[in-house]
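Shown next, in structure tokens, is the structure this report addresses.
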Ligand SMILES: [Zn+2]
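In the working numbering, the protein residues as written are 56 to 414.
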């Protein structure tokens, strides 16, 4: 196995090189993306080898060639290629490097820059990419059990995409709404449990959330939420009592937006992008630490005003966290697909209003 040294080049839009920064990327989310892709392709028999060691190889840019990286190829031993992820996984590292350059006077605040990812072969010991750095909670390898999607949600809505479909009961939304309203002004949250399923008809995985467990011992402030060890103990005992063999599929937490924006004029509050839901840096760090599997999700419940609670779902996609769609089902209404867009119909990426208060 070839080992690589990874270096980010920061350039001005004119192509002038500002600097090179050696980086030690944390490839865990990329590996998890590869593992899930492999499981989606081969189904339950592949679950036994879910945690095997894997390699990450650069795919060279077609025009610039080596050492310029166009994408990352995730492969299992034996070199069976099974996923490629974009180099945007380096974006955060690049923007951190650019902040350093601003501090050192090499770039001005707000200056545009370009980054290129390069990789250099070296003879040292190859990185042990199979070892996960994040292991706050044990995340056992999934063993998807068979169930048809139509049976799980009581209908057929929208085919699967590049992410596995996620089914969420309306009952769960009702419960998290009550919990959110019950703690105005501070964050609260909980754990989503259920099953990773294999649909033998669609020949694909899907995520079936069955219940939420309110984290009664989590400590919430106006802008943060900390889960405690007692929460995990409670989750394990509730899962054991339910005897359904459920596993942890993610979490939900509230954002008391009405409280954050209480000083702002009403017309400003109405267009405040905080209402659309987002993952703060702490939220993303928590997700990476506690929910490393690529099929896990994070539901954000924004308590916007007058008790109205809006939902936004986030999940892993190609090794990065971003908005994702989901299906709601149960109750009187037919199942429905909720796309990864904000309430006014514009895509999240198009919505760039200024927030009332920085979080
Ligand atoms: Zn948050």
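Each residue gets a CB set at the ideal place from its N, CA and C atoms; glycine is no exception.
Test item: CB-CB of residue i and residue j under 8 Å
i, j, result
"residue 286", "residue 266", "no"
"residue 365", "residue 219", "no"
"residue 304", "residue 273", "no"
"residue 157", "residue 142", "no"
"residue 311", "residue 254", "no"
"residue 356", "residue 231", "yes"
"residue 247", "residue 264", "yes"
"residue 360", "residue 324", "yes"
"residue 197", "residue 348", "yes"
"residue 113", "residue 375", "no"
"residue 129", "residue 89", "yes"
Residue i burial status per 10 Å Cβ neighbour count (16 or more: buried)
i, result
"residue 150", "exposed"
"residue 237", "exposed"
"residue 63", "buried"
"residue 309", "buried"
"residue 350", "buried"
"residue 68", "exposed"
"residue 371", "buried"
"residue 191", "Legend: pLDDT at residue 191 = 41, less than 50; position of this residue unreliable, no value from coordinates given."
"residue 166", "exposed"
"residue 59", "buried"
"residue 392", "exposed"
"residue 120", "exposed"
"residue 160", "exposed"
"residue 213", "exposed"
"residue 387", "exposed"
"residue 72", "exposed"
"residue 390", "buried"
When the options are compared against residue i, the one with the closest alpha-carbon
i, options, result
"residue 61", "222, 277, 127 and 330", "127"
"residue 74", "169, 222 and 145", "169"
"residue 200", "367, 93 and 300", "300"
"residue 314", "347, 336, 363 and 290", "363"
"residue 345", "123, 373 and 194", "194"
"residue 283", "245, 367, 91 and 373", "245"
"residue 276", "87, 79 and 240", "240"
"residue 251", "295, 222, 89 and 155", "222"
"residue 70", "106, 112, 171 and 159", "171"
"residue 329", "390, 139, 129 and 316", "316"
"residue 162", "260, 65 and 292", "65"
"residue 335", "322, 373 and 377", "377"
"residue 354", "298, 235 and 290", "235"
"residue 369", "331, 72 and 258", "331"
"residue 115", "292, 322 and 176", "176"
"residue 242", "217, 104, 307 and 302", "307"
"residue 97", "396, 217, 288 and 260", "260"
Notebook entry, point to check: Given 8 Å as the limit, is there contact between the segment 339 to 347 and the segment 203 to 213, that is, 3 or more CB pairs closer than that?
Noted result: no
Next item on the list: For the segment 121 to 159, list the alpha helix (DSSP H) runs that are entirely contained and at least 4 residues long, ordered along the chain.
Entry: 146 to 158
Item checked: Any beta strand (DSSP E) of 3 or more consecutive residues that is wholly inside the segment 255 to 318 -> 259 to 269 and 302 to 310
Next item on the list: State whether the segment 220 to 235 contacts the segment 373 to 386, with contact taken as three or more CB pairs (one from each stretch) at a distance under 8 Å.
Entry: yes
Next item on the list: Give, in chain order, every unbroken run of the alpha helix (DSSP H) that is at least 4 residues long and sits entirely within the segment 203 to 227.
Entry: 204 to 208
Note to self: If we require 4 or more residues per run, which alpha helix (DSSP H) segments fall completely within the segment 65 to 132?
What the structure shows: 83 to 97
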